[in-house]
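Novice:
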Amino acid sequence: MQILLRISIACLGLLWGVPLVWCVWTAFKPRDMATSYSLDVQFTFDNFVHAWSAAPFGQYYLNTLIIVFGILVIQIFTATIAAYAFARMKFWGRDLLFVLVLVQLMVPADILIFPNYSVLRDLSLLDTKLGIMMPYLASAFGIFLLRQTFKTIPYELEEAARVEGCNIFQILWYVYMPLAKPTYIAFGLVSVSYHWNNFLWPLIVANSEENRPLTVGLAIFAQSYETGAQWAEVSAATLLVMTPLLLAFFIFQKQFINSFIQSGIK
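Just so we're aligned, residue 3 is where the sequence shown starts under the numbering used here, counting upward by one.
1) Can you look up isoleucine 145 in the DSSP assignment and give me helix, strand or coil?
2) Along the chain, where does the alpha helix (DSSP H) containing glutamine 172 start, and where does it finish?
3) What residue from Pro117, Ala84, Ser193 has the CA that sits closest to valine 103's CA?
4) What span of residues does the alpha helix (DSSP H) with asparagine 118 cover, start to end?
5) Is the beta carbon of isoleucine 115 closer than 8 Å to that of isoleucine 206?
6) If methionine 136 sits next to leucine 127, beta carbons under 8 Å apart, how far is it from one beta carbon to the other, in whole angstroms?
7) Determine, using beta-carbon pairs with one atom in the region 180 to 197 and one in the region 117 to 126, whether at least three such pairs fall under 8 Å.
8) If you run the structure through DSSP and keep just helix, strand and coil, what is threonine 185?
9) When you compare only the Cα positions, how much space is there between valine 218 and phenylalanine 252?
10) Spatial neighbours of glycine 72 within its chain, please: C-beta separation below 6 Å, excluding the five flanking residues on both sides.
11) Quick check: what's the CA-CA separation for tryptophan 27 versus isoleucine 145?
12) Give the secondary structure of glutamate 212 by DSSP, where H, G and I count as helix, E and B as strand, and everything else as coil.
13) Among the residues of its own chain, which have a CB less than 6 Å from the CB of phenylalanine 50, if the five just before and after it don't count?
14) So what's glutamate 166 in DSSP terms, helix, strand or just coil?
15) Using 8 Å as the threshold, is the C-beta distance between alanine 142 and leucine 98 below it?
16) Mapping DSSP to helix, strand and coil, what is serine 195?
17) Could you name the residues of the same chain whose beta carbon sits closer than 7 Å to that of leucine 139, not counting the 5 residues immediately before and after it, in chain order?
18) Sort Glu161, Gly190, Asn199, Phe100 by Cα distance to phenylalanine 254 and report the nearest one.
19) Quick one: any contact between the region 164 to 175 and the region 50 to 60, if contact means 3 or more CB pairs under 8 Å?
20) Can you look up phenylalanine 201 in the DSSP assignment and give me helix, strand or coil?
21) Tell me, to the nearest whole angstrom, how far the beta carbon of alanine 29 is from that of leucine 241; I am working on the premise that it is less than 8 Å.
22) Starting from the Cα of isoleucine 113, find the closest Cα among Met244, Leu202, Glu235 and give me that residue.
23) Under 7 Å from any heavy atom of the ligand NAP, does the C-beta of isoleucine 173 make it?
24) Quick check on the burial criterion: 16 or more other C-beta atoms within 10 angstroms. Buried or exposed for phenylalanine 93?
25) Look at the Cβ atom of lysine 131, then the Cβ atom of isoleucine 69, and state whether they are nearer than 8 Å.
Structure representation (structure tokens):
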């Protein structure tokens with residue numbers, strides 16, 4: 003039974019890897035051989051040069067980095083404060099408010115596109131990086147994850163910090179955050195991968211090159227080749243977009259797996 007299970011997992015892994023292998027193979031092949039099935043070993047970097055010069059991918063990279071890591075920093079701050087309040091503070095309606103936070107996990111983000119768009123229009127934040135970031139500055143998933151972790155930290159450590167004269171922010175910085183490091187790593191990986199690949203919301207909000215992330219820029223780049231698809235250049239551009247996440251996964255895959263195990267994510 004275990005052999006069949008391992009064979010099934012291996013087959014699924016190979017099936018998942020086929021598009022990636024085809025993309026890599028096509029990206030390095032000459033343009034006139036992009037759609038051929040020839041196994042001739044002819045590699046070129048011209049596709050990457052043409053793709054990079056045909057669209058402002060440098061600007062797209064900068065926009066994506068600002069949006070992704072800007073969201074992550076603010077999410078960590080807001081989730082930490084809220085998680086500590088739900089885990090340690092006692093106030094009226096605490097459990098009800100936490101249930102409402104959990105309900106947000108069951109609401110698909112696409113349902114909120116219209117109300118979010120209306121709010122940004124009223125605030126004159128359309129076609130801005132802040133407008134792309136605003137709906138994600140607070141994370142119900144992050145609050146839930148950190149709250150569960152904070153509840154496992156002995157309260158005696160917080161009391162000892164208070165005796166030493168620490169305020170609430172110092173307690174969070176020196177006690178809770180270091181002990182919750184695996185959870186922060188797990189949440190950070192989820193947040194970065196999600197917002198790096200986010201497409202629909204930035205597509206609706208961003209209308210200029212100064213604010214478009216990589217996903218939207220790639221879609222516009224690929225659309226420009228509709229009349230005569232240059233699959234080699236499109237594949238090269240796709241590889242440019244996904245390479246940072248692939249490298250991050252291969253470099254930090256051990257920490258990736260361990261962080262999820264230690265934080266209890268199933």
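Each residue gets a CB set at the ideal place from its N, CA and C atoms; glycine is no exception.
Specialist: The structure says:
1) helix
2) 170 to 173
3) Ala84
4) 115 to 124
5) yes
6) 7 Å
7) no
8) helix
9) 25 Å
10) Met135
11) 42 Å
12) coil
13) Ala238
14) coil
15) no
16) helix
17) Ile73, Ile76, Gln77, Thr80
18) Gly190
19) no
20) coil
21) 5 Å
22) Leu202
23) The ligand NAP is absent from the structure shown, which contains no ligands of any kind.
24) exposed
25) yes
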